[in-house]
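Protein chains in written order, with numbering that gives the first Met the number 0: chain E, 0 to 287; chain D, 0 to 188.
Where is the CB? At the ideal position from N, CA and C, for every residue including glycine.
Take a look at the structure below.
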Amino acid sequence: MGTNIYKINPEFRDIMPKEIIDLEENATWAENTDKRGIKELPETKELLEEHSLCAGCPEAAALRYVLAALPKPEDTVIVNSTGCTSLMFPHIALHTVHSLFGNQNAVATGIKRVLDWRFPDIEKDVVVLAGDGATVDIGLDYTLQSFFRQENITTICFDNEVYANTGGQESGSTPKGQVFKMAPTGKKFEKVKMWELAVTSGCHYSMNMTASAPKAVAKAVREAIFVARYVGPTFLNIYTPCILEIGLSANEGLREMKEQDKERFAAFKYVSPEAEELLAKLKEEGRL
Amino acid sequence: MANQGPAYYSPYPTAVYEGVITPPEGKALLLTEVVDEEIAMREIAKVMLTSKNATIFPGPQVLYGYNEESKKKAKLIKEMSEVLNANMIPMYDYRPKYPKIDAEVEINPNHPNLTIWHNNIKAAIFIGVHCHYANVALKIVRAETDCYTIAICGLSGHEDAMATLRDMHSHELEKFIKIAKEVKSELKL
Numbered sequence: 000m001g002t003n004i005y006k007i008n009p010e011f012r013d014i015m016p017k018e019i020i021d022l023e024e025n026a027t028w029a030e031n032t033d034k035r036g037i038k039e040l041p042e043t044k045e046l047l048e049e050h051s052l053c054a055g056c057p058e059a060a061a062l063r064y065v066l067a068a069l070p071k072p073e074d075t076v077i078v079n080s081t082g083c084t085s086l087m088f089p090h091i092a093l094h095t096v097h098s099l100f101g102n103q104n105a106v107a108t109g110i111k112r113v114l115d116w117r118f119p120d121i122e123k124d125v126v127v128l129a130g131d132g133a134t135v136d137i138g139l140d141y142t143l144q145s146f147f148r149q150e151n152i153t154t155i156c157f158d159n160e161v162y163a164n165t166g167g168q169e170s171g172s173t174p175k176g177q178v179f180k181m182a183p184t185g186k187k188f189e190k191v192k193m194w195e196l197a198v199t200s201g202c203h204y205s206m207n208m209t210a211s212a213p214k215a216v217a218k219a220v221r222e223a224i225f226v227a228r229y230v231g232p233t234f235l236n237i238y239t240p241c242i243l244e245i246g247l248s249a250n251e252g253l254r255e256m257k258e259q260d261k262e263r264f265a266a267f268k269y270v271s272p273e274a275e276e277l278l279a280k281l282k283e284e285g286r287l
Numbered sequence: 000m001a002n003q004g005p006a007y008y009s010p011y012p013t014a015v016y017e018g019v020i021t022p023p024e025g026k027a028l029l030l031t032e033v034v035d036e037e038i039a040m041r042e043i044a045k046v047m048l049t050s051k052n053a054t055i056f057p058g059p060q061v062l063y064g065y066n067e068e069s070k071k072k073a074k075l076i077k078e079m080s081e082v083l084n085a086n087m088i089p090m091y092d093y094r095p096k097y098p099k100i101d102a103e104v105e106i107n108p109n110h111p112n113l114t115i116w117h118n119n120i121k122a123a124i125f126i127g128v129h130c131h132y133a134n135v136a137l138k139i140v141r142a143e144t145d146c147y148t149i150a151i152c153g154l155s156g157h158e159d160a161m162a163t164l165r166d167m168h169s170h171e172l173e174k175f176i177k178i179a180k181e182v183k184s185e186l187k188l
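Given below as structure tokens:
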């Protein structure tokens with residue numbers, strides 16, 4: 000399929016809105032693979048322009064960085080789960096699948112296997128993008144099982160440390176002692192270090208970070224997708240605070256992320272020897 | 000307007016609850032009646048040619064040139080719009096619109112009735128719209144407007160449209176255009 004699915008038939012060009020013509024002409028697709036990235040965001044047609052999240056939501060910014068960094072957006076399927084992110088996915092000009100709450104890695108497994116069987120000559124990427132409730136709590140089993148099975152998928156967790164859009168319940172990712180509206184007595188046990196579990200469970204690339212530095216997020220996304228494509232499962236845990244649930248205003252999300260860069264989300268990066276070899280090779284070829 | 004459905008769940012009595020199902024192969028559906036394809040084609044052409052603001056709503060399967068068949072269909076639909084003196088409003092994707100849809104220039108399966116109301120469309124052809132979205136849109140239009148809806152479908156048709164042609168590929172579209180031209184000259188339009 001490739002970019003042909005965005006090529007407008009000339010007979011209909013005059014009735015198509017500018018937004019869609021821009022998508023065909025000015026979005027960055029795989030032919031610009033070595034150029035796609037954060038610095039293009041102000042100039043090119045974005046794959047997500049309008050969304051329905053709260054003003055100043057760091058998650059919305061993080062998703063834009065992720066989309067800008069996909070190596071082959073037209074050959075990428077994003078699987079998401081219930082959560083704030085699922086409010087944005089219907090607005091993205093890419094193939095997305097909304098799974099049930101928690102089973103996103105099982106759905107992604109099926110999609111990836113079928114794509115490999117159906118399109119053996121085309122590299123198709125499957126990226127799971129879900130919140131910490133879906134990844135670390137309800138879907139922990141599915142997530143880890145996909146790592147055990149060495150599925151070639153990238154899992155990105157937008158960790159806001161709370162079930163945000165259901166009113167503020169604690170999740171496995173919530174830090175100990177944290178009080179939320181629906182967790183009034185405070186979390187009783189420590190935050191689950193999912194990035195470490197990912198390594199133990201067989202991920203070849205695992206990172207813990209915040210979305211405070213766009214370039215760092217984009218780099219991690221590209222590397223994780225390439226490793227997943229050629230080696231095995233990869234995992235990114237990205238802090239995207241829910242400014243409403245922790246009582247911040249719209250312009251305070253970035254500051255919160257920068258502060259957490261040194262604390263709960265201090266940089267953690269694991270790259271397996273096979274993945275390291277691959278990344279070095281890709282760098283040499285100019286693909287990274 | 001909306002009535003309580005037989006299942007006391009949907010506010011709209013969808014066609015299938017009233018015993019209307021898609022036509023068998025080689026046939027077409029006109030309201031509740033299964034008829035020969037040619038009879039339906041003549042009726043569709045007549046309705047389109049005589050209704051106020053007749054409009055064709057092409058969907059993604061014909062708007063984008065992803066294979067030879069879609070390119071061929073695009074040319075035929077353009078010709079069809081000229082023969083039927085019909086406007087065209089695209090349904091180019093199915094994303095919900097935010098902050099709000101511009102119902103004057105586009106149609107969306109989540110609120111197709113807005114477009115039909117604003118443009119005061121009395122007859123509409125859905126073509127190239129993926130079946131599950133056509134089903135949603137046609138049900139809403141059927142329940143909320145007095146528009147005569149026509150589904151030109153590449154698969155098995157849509158019972159919620161007032162007229163349904165099934166298995167319509169480029170060869171069948173050529174046949175429809177030929178019939179539409181005949182009807183047009185009979186009506187002296």
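Around the beta carbon of tyrosine 16(D), a 10 Å sphere encloses fewer than 16 other beta carbons of the protein chains shown; the residue is thus reported as exposed. Scanning its chain for C-beta atoms nearer than 7 Å, with the 5 sequence neighbours on each side dropped, one finds around alanine 133(D) the residues Phe125, Ala150 and His157, in chain order.
Taking C-beta separations shorter than 8 Å and ignoring five residues to either side along the sequence, the partners of alanine 162(D) in its chain run Ala27, Leu28, Leu29, Leu30, Ala39, Glu42, Ile43, Val46, Tyr147, Thr148, Ile149 and Ala150, following chain order.
If you check the CB distance, lysine 71(E) and aspartate 124(E) come in under 8 Å.
Nearest C-alpha to lysine 71(D) among Gly36(E), Ile20(E), Thr84(E) and Glu10(E): Glu10(E). For isoleucine 43(D), the secondary structure class from DSSP, reduced to helix, strand or coil, is helix. Segment contact: the stretch 101 to 114 of chain E against the stretch 171 to 181 of chain E, fewer than three CB-CB distances shorter than 8 Å; contact not assigned. Taking a beta-carbon distance threshold of 8 Å, isoleucine 19(E) counts as an interface residue toward chain D. In the three-state reduction of the DSSP assignment, cysteine 156(E) falls in the strand class, which pools E and B.
Under a 10 Å Cβ-count criterion, asparagine 104(E) is classified as buried, with 16 or more other Cβ atoms of the shown protein chains found around its own Cβ.
At a C-beta separation below 9 Å, methionine 167(D) has no neighbours in chain E, since its nearest C-beta there lies roughly 17 Å away.
Here glutamate 105(D) is buried: its Cβ has 16 or more other Cβ atoms, across all protein chains shown, within 10 Å.
CA-to-CA, the gap between isoleucine 20(D) and glutamine 168(E) works out to about 46 Å. Within the same chain, and ignoring the five residues on either side of leucine 22(E) in sequence, the residues whose Cβ sits closer than 7 Å to its Cβ are Tyr5, Lys44 and Ala92. DSSP, read as helix, strand or coil, puts isoleucine 121(E) in coil. It is roughly 34 Å from the alpha-carbon of glutamate 78(D) to the alpha-carbon of threonine 95(E).
Here DSSP, grouped into helix, strand and coil, assigns leucine 48(D) to helix.
One thing to note: serine 50(D) has its Cβ no nearer than 8 Å to the Cβ of alanine 136(D). Using a Cβ-Cβ cut-off of 8 Å, leucine 62(D) is close to Ile7, Asn8, Phe11 and Met15 of chain E, given in chain order. Residue range 267 to 270 is occupied by the beta strand (DSSP E) that includes valine 270(E). Aspartate 35(D) counts as exposed, since fewer than 16 other C-beta atoms from the protein chains shown sit within 10 angstroms of its C-beta. With its beta carbon less than 8 Å from one in chain D, histidine 90(E) belongs to the interface.
Positions of the alpha helix (DSSP H) runs, each at least 4 residues long and wholly inside the stretch 38 to 116 of chain E, are given as 57 to 68 and 84 to 87 in order along the chain. With respect to chain E, the C-beta atom of valine 104(D) has a partner C-beta closer than 8 Å.
Neighbours of serine 69(D) across chain E, judged by C-beta separation under 8 Å: Asn8.
The DSSP-derived three-state label of threonine 199(E) is helix.
Going by beta carbons, alanine 163(E) and threonine 81(E) fall outside the 8 Å limit. One alpha carbon belongs to serine 248(E), the other to alanine 265(E), and they sit about 23 Å apart. Residue contact with chain D for isoleucine 4(E): present (Cβ-Cβ distance below 8 Å to some residue of chain D). Leucine 172(D) is positioned such that its CB atom lies no closer than 8 Å to that of leucine 62(D). For the 8 Å CB-CB criterion, threonine 84(E) and threonine 153(E) do not form a contact. Between tyrosine 204(E) and tyrosine 269(E), the alpha-carbon positions lie close to 5 Å from each other. The distance from the Cβ of leucine 128(E) to that of glutamate 222(E) is about 16 Å, inconsistent with a contact at the 8 Å cut-off. The straight-line gap separating the alpha-carbon atoms of alanine 219(E) and leucine 48(D) is approximately 58 Å. Serine 205(E) is bridged by DSSP to Phe234(E) and Tyr269(E). In the three-state reduction of the DSSP assignment, phenylalanine 225(E) falls in the helix class, which pools H, G and I.
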